[in-house]
Structure formats: C-alpha cells, structure tokens
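Numbering (the numbering used here) for the sequence shown: 1213 to 1788. The block underneath contains the structure these notes are about, expressed in structure tokens.
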Amino acid sequence: MARSIWIRALWYDDNGIAPERFLRMKFFLLLFCDKMLRMQKIITTDWAQKNFSNFALRHRGLREEGAMYHRSFATVCCLIAAIGLISAPAGAKKKLYKEKKAVLEWLSQPEVMERFGKISDALWSYAELGLQEYKSADLLARTLEREGFRVEKGLAGMPTCFVATYGSGKPVIGILGEYDALPMISQKGRVPKRDPVLEGAPGHGCGHNTMGTAGIAAAIAVKRVMEQYGLKGTVKFFGSPAEEILVSRPYMIRAGLFDNVDVVIDNHASDKFGTRWGVSGNAAISVIFTFKGKTAHSAGSPWEGRSALDAVELMNVATNYLREHLFYTYRMHYVIIDGGEAPNVVPDHASVWYYIRNTDDRIEEMYQRVLNCAKAAALATGTELAEVRVLAAAHQKHSNRALAELIQENIELIGMPEWSEEEQAFARALQKELGKEEKGMPTEVDTLKGPEKPFVGGGSTDVGDVSLIAPTATVRFPGRVPGAIGHHWSTVACNYGSAAWKGLIAGAKAMAATAIDLLTRPDVLAKIRQEFEEHSSKHPYKSLLPENAKPPLDLNKEIMDRWRKLMAKYYEEPEP
C-alpha cells in the first residue's frame, strides 16, 4: 500500500487536481530518482532535464525547496529504502573481480556445457554399481589428465578410487565427486513414465553421474584460472566410488588422502539450488551377519539340521521388536542376501545385510543392540554367528557455517538456470505421473538452511567423515524435477539430458567460484578454518570402522558382471 501511494505521487496528473502534498512528494522523488539513476547510469541527463523542467515550470514555488533536498539526501535515501520504492533490480549481480569473472565466463560457454553434459550422459549410460565403476572412473580421470592434472589411481584399496591434483602449496582446496549407480532402477532418460532401458538393470537414481561431472568441471575451471592469473595453491578432485554403500571416504581418510587439505567443497544433485550448515543426516554402519548351521533333509529328518535361515529370520524378528525401544532418530533396514539354495535342504548358511542408522552419539550403542539380537538368534537356533562383516561406517555430516555462507553467496550470484518450455513440459508430465503438484522446474534459488529442528533422522553419506577432518559444505544443484523420488526410476529419468546439463553446470559454477574465493581471500579462509578448529575441539574425529575392515570389492561384482554385457549396447561415448 505504501509503495502504491508513493508511486501515485510520482506519476500523478499535473492538472491542478492533485493535492499539494502529492505535488511536493513528486518533486522531491523526481530529484531523488534523478540522482540515483544517474549514479547507476540508467537514465540520461536529457531525460531528467526534460521531466524536471516541465514539472518546475508549473510548480515554481517548489523550485527553491529543491535545494533543501541535496542537504538531506541521506535522509531521503533511508526513507525511500525503508518503504521499498527503490530496490535492486531482480537478478542484480555484485561486481565480480577478474578471477571469479573468468571462471564463471568459461563455464558459461555453450561448448563447455555440451562437453561436460555429454560426459554426464555417458556416466548415466554406464550406470555402474559401487566399486565396479571402472568405465566411469576412467572417463573422469582421463578428462582431468588431458587438462594437465596429475592423477593417482587405485587408491585406498579401491581400484576405482583416484585423486587428481593441480598446483602446489597452500591453500589446498578439495572438490568431491561421486559416480556410482543403484541397482534395479533402469529407466530411459527424459521419459515421464516407467520405461526401463533394461528391466532390472542399474540406473542413476541419485544423480551421481551429474555430481562426478560437476566436480571435474569445477576443478578444471579453477585450474584454468589459476594458470591464467598465476594463483598460488592447490586444487584436488577426489574421485570417490561407492558412496551409495558409504564405502569410499572413511577408507580414503584412513589412507591419508585428505591429509593437509584446508577446505573441501562437496556437491549433490537436487531439485533445489542451495546449501546448509550444521549437523545433518544420520551416521550409519553397513554390516553383514552370516550364520552357519547344519544341512539335513527338510522332510525326512529335519531334526538333524540346524537352519542358518532360521537364525536370520529370528534375528530380524528381534530387531523389529527392538524398534519400539530405539530413539526416534534411528533408521534400520535389511535384505537377506543368502537364504539357502533349495527348500528341501535345511540351509547351513545364510546372511543378512543391515544398514543401522542413528546420530553420532547413539550409533554405536544401537549397533551393539542389533549385534546382541544376532547373537541371541544364533543361540536360540543352535547355529553359529560365523561372521560379522562391517562393510562401511560413516558419521553424520557436520557442515561448516562460514563455508556454507560463502557458497550461498555464490549460488545467489549465479542464480537458477533458465529452463526451456520443453524442460518445463517434461517436469509437469513427470509430476502428473507421480501424482505430485504440476508446478514444473524451480525458478528461484533456495535460502541458506541450518540444522533441522527437531532432527528426526534420515539418510546418510560418507561425506560425514570428511566433514570431521576438514571444513566441508555441500552445493546442492538443480536438475531433478521437484516431486521425483530418490532411488527411483523417476529420478533416473531426470538425470539425463539438457536440464541435467544446466543443473550440473550451475553446481560447477558455485563450486568453482567458491574455490576461487578461497584461493584469493585469505581472510575468508581463515574464518572458515577458525570455525572448524573450534568445532573439532568438541567433536574430534574417530573412525567408526573396525581396524580390520577392508573395502568390499566383491560386493557388487556378480551383479555388475551380469548386466555389463547387456548394457554395453546402450553406452554413450563422448568425443575425446
């Protein structure tokens, strides 16, 4: 209401009907706008002279009062700003310094988007499961090598783990990237109905194809600007396999790969463009319980047998009753991965794979209670709990606030990509298919988020461990359709094609701009490090992995071997 009244005052008809107070307001506002707009070089002096002359000729009595305006310019500025008449134009950008401008301009080139978009689509077509990402890791590593990075491969006991490095000395800026897919969710890209490429095959239902690609795009952009302007420091890309099974980062930390890194910039595909600070997600322990029993004829002499499958089932019953007595932040889920081979033979071996999730301060106690359920099941069935194999274990993510605030500044600088009508139509069609609100793709960047209150639990990431050994925050970049379901065919459909390309480039820009800030603004880096050191004193890092744990290289091998030959005909290979 206040804004409309003042605008009426500014443009009111000068036929003598306007109240005197409106005429007075109009004169002062014209003077004010002239000064402000000339400062911004939005209007010409001729335009201002013409308007003021015409107005002043009809209202001479106000001309002398105009001199008073200049003496109270600051007061008028505050008044006008307070009522919201003068505001920055939508999408207004802060002035860029040359290094940041250069990194954003390079990533804005259409040919750059196409290059990395095709790499992302290739990874999407490979859809390799965790620790079997041989083609995906090789494509990303080769791309970095061609750009002049020094690439070390097969690290931390994982053939598909690599680290690419450019530069030397401090500061050392790390960029994370993932590239593993998920089982059972194959789907054709940009098709808004369930339509698998191969029924039952893997698919990229979490956007890791875009994330690995966004990470290398950011690292390459930063390296080019470091060369162009002679910036000192080091940029590292951490090629991180098997995030979906929480494997790589805890083992990479154990191997010393993150030693001496000053800051780590993470990224994740999303239906938003934003970031957050504080503790988020659940800690998790991924573990397989294996029971041994004794075979017998299931009908002729079952009393001679001891069923390992009975032990698995009894353990599951016990853990399901346990749920009632766990704090509400927990999550727990399992699959039976071995239950015998024939109904007429009492199974002498059976295994169940558990994900046990809770907060950092509750995860170990919860794990012990689940372990007790397994021991009790073995005792009750006369079997042996032969092996407890911890595959992976990860902490909650502790995102650095100062780093998140810096990332948010760059997200707001870059803005949401502009989606084509075709991309919007696909989004609305997918939303309709899923029974969601048909609102299309997002148009505004998200606001900076803090810790969830109350925290009620959720998913997990092995980035959590990284966040406890170096200040870390995550760029969540757009591309996924709002309403698409994680780890589901609908998300696979989103992670291919033009919208995914635009989203990953937006994410690369946010990461690259942040990295350039960290390389050129030592005061910002010092603030981030100070916050991290204070947080670390209260939350020292302790790995949740047992000392004898090793990366489970065999875990997805059989599944991937079965699908790889069938999927090969659908591979998309980018030009070298």
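Glycine is no exception: its CB is placed at the ideal position from the N, C-alpha and C atoms.
Simplified DSSP assignment, three categories, for residue i
i: ALA1590; result: helix
i: ASP1550; result: strand
i: THR1655; result: coil
i: GLU1633; result: helix
i: SER1710; result: helix
i: VAL1529; result: helix
i: GLY1505; result: coil
i: ALA1444; result: Looking at the sequence provided, one finds Lys at residue 1444 rather than Ala. In this structure, LYS1444 counts as coil in the three-state DSSP scheme.
i: GLU1599; result: strand
i: CYS1290; result: Because CYS1290 carries a pLDDT of 41, less than 50, the predicted location of this residue cannot be relied on, and the following value inherits that uncertainty. Reduced to three states, the DSSP call for CYS1290 is helix.
i: TRP1775; result: helix
i: LEU1235; result: Low per-residue confidence applies at LEU1235: pLDDT is 43, beneath 50, and the placement is therefore not dependable, though the value from the model is reported in the following sentence. Helix, per DSSP.
i: ILE1385; result: strand
i: ARG1518; result: strand
i: ALA1430; result: helix
i: VAL1564; result: strand
i: SER1452; result: strand
i: THR1487; result: coil
i: SER1398; result: coil
i: ASN1570; result: strand
i: THR1684; result: strand
Cβ-Cβ distance between residue i and residue j below 8 Å
i: ASN1622; j: ALA1722; result: yes
i: TYR1546; j: TRP1515; result: no
i: CYS1706; j: VAL1693; result: yes
i: LEU1756; j: ALA1605; result: yes
i: ASN1494; j: ARG1535; result: no
i: ALA1727; j: ILE1477; result: yes
i: VAL1447; j: GLU1311; result: no
i: VAL1459; j: HIS1610; result: no
i: GLY1415; j: GLN1399; result: yes
i: TRP1489; j: ALA1682; result: no
i: MET1772; j: GLU1340; result: yes
i: ASP1333; j: GLU1784; result: yes
i: MET1162; j: THR1593; result: Residue 1162 lies beyond the range of the chain shown here (1213 to 1788); nothing can be said about it.
i: LEU1352; j: GLY1389; result: yes
i: LEU1646; j: GLY1695; result: yes
i: ALA1433; j: VAL1315; result: yes
i: GLU1635; j: ALA1711; result: yes
Buried versus exposed call for residue i [16 or more other C-beta atoms within 10 Å across all chains shown]
i: ASP1392; result: buried
i: LEU1778; result: exposed
i: GLN1580; result: exposed
i: ASN1193; result: Any question about residue 1193 goes unanswered here, given that the chain covers just 1213 to 1788.
i: TYR1338; result: buried
i: TRP1775; result: buried
i: ALA1724; result: buried
i: ILE1697; result: exposed
i: ASN1612; result: buried
i: TYR1708; result: buried
i: SER1265; result: Its pLDDT being 41, under 50, SER1265 is placed unreliably in this model, and the coordinates cannot settle the point.
i: GLN1440; result: exposed
i: ARG1640; result: buried
i: GLN1344; result: buried
i: VAL1524; result: buried
i: ASN1532; result: exposed
i: ARG1319; result: The question names Arg, yet the displayed sequence has Leu at residue 1319. With 16 or more other Cβ atoms within 10 Å, it is buried.
Selected residue, minimal CA-CA separation from residue i, among the options
i: GLU1759; options: GLU1340, ILE1432, LEU1351 and PRO1462; result: PRO1462
i: ASP1474; options: GLY1386, SER1320, PRO1322 and ASP1522; result: GLY1386
i: LEU1367; options: PRO1453, GLY1415 and LEU1716; result: PRO1453
i: MET1364; options: TRP1701, PHE1449, TRP1318 and SER1519; result: Sequence inspection shows Glu at residue 1364; the Met mentioned does not correspond to that position. Ranking the options by Cα distance to GLU1364, first place goes to PHE1449.
i: LEU1469; options: CYS1373, LEU1646 and LYS1739; result: CYS1373
i: VAL1704; options: LYS1382, ASP1407 and GLU1323; result: ASP1407
i: SER1563; options: LEU1597, ALA1592 and ALA1588; result: LEU1597
i: ASN1421; options: TYR1753, PHE1539, GLY1329 and GLU1525; result: GLY1329
i: SER1348; options: GLY1424, PRO1654, THR1655 and VAL1499; result: GLY1424
i: LEU1394; options: PRO1383, LEU1388 and CYS1418; result: CYS1418
i: VAL1384; options: ARG1402, LYS1444 and VAL1499; result: LYS1444
i: ASP1729; options: LEU1625, VAL1499 and ARG1354; result: LEU1625
i: HIS1561; options: TYR1567, PHE1361, ARG1569 and ILE1549; result: ILE1549
i: ARG1569; options: THR1659, ILE1331, SER1672 and GLN1643; result: SER1672
Nearest-angstrom Cβ-Cβ length linking residue i and residue j, presumed shorter than 8 Å
i: ALA1431; j: LEU1356; result: 7 Å
i: ALA1761; j: VAL1602; result: 5 Å
i: GLY1517; j: THR1507; result: 6 Å
i: ALA1616; j: GLU1743; result: Contact flag wrong, Cβ pair sits at about 10 Å.
i: PHE1689; j: PHE1485; result: 6 Å
i: THR1595; j: ALA1520; result: 5 Å
i: ALA1720; j: ALA1426; result: 5 Å
i: LYS1313; j: TYR1378; result: Between TYR1378 and LYS1313 the Cβ distance is about 20 Å, and since that is not below 8 Å, they are no contact.
Any non-hydrogen atom of the ligand COA closer than 7 Å to residue i Cβ
i: CYS1706; result: This structure lacks the ligand COA; in fact it carries no ligand of any kind.
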